[in-house]
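Visitor:
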Amino acid sequence: MRYRIGDSPNELGPPIGQGAFIGAAVFSFLLGIGFVVAGIRSRHYWLSILGSGLSIVSAAYLVFTLLIA
22 MRYRIGDSPN ELGPPIGQGA FIGAAVFSFL LGIGFVVAGI RSRHYWLSIL GSGLSIVSAA
82 YLVFTLLIA
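Reading the sequence shown from the start, the letters are residues 22 to 90 in the numbering used here.
1) Got a sec, what are the start and stop residues for the alpha helix (DSSP H) L52 sits in?
2) Can you give me the C-alpha to C-alpha distance between I43 and L83, rounded to a whole angstrom?
3) Thinking C-beta only, is A46 closer than 7 Å to S79?
4) Taking the C-alpha atoms as reference points, what is the distance between P36 and I61?
5) Pull up the distance between the alpha-carbon of H65 and that of I89, whole angstroms please.
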């Protein structure tokens with residue numbers, strides 16, 4: 022096996038910033054709204070329940086993040 026010079030398996034990379042989590046929460050919020058609309062239009066109500074839960078939890082995380090930071 023060949024290894025790159027200078028890489029050490031014990032060194033971790035840079036930590037993930039808060040922006041990645043906020044981006045994922047915004048994406049989840051929009052995806053949840055899409056699930057609600059698709060579930061209501063196709064009359065698969067479990068999908069709308071899943072989407073509403075996803076969007077509520079994502080919105081709660083975003084509000085919590087904005088109030089703390």
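Glycine included, C-beta positions come from ideal geometry on N, C-alpha and C.
Guide: This is what the structure gives:
1) Start and end: Q39 to R62.
2) 7 Å
3) yes
4) 40 Å
5) 37 Å
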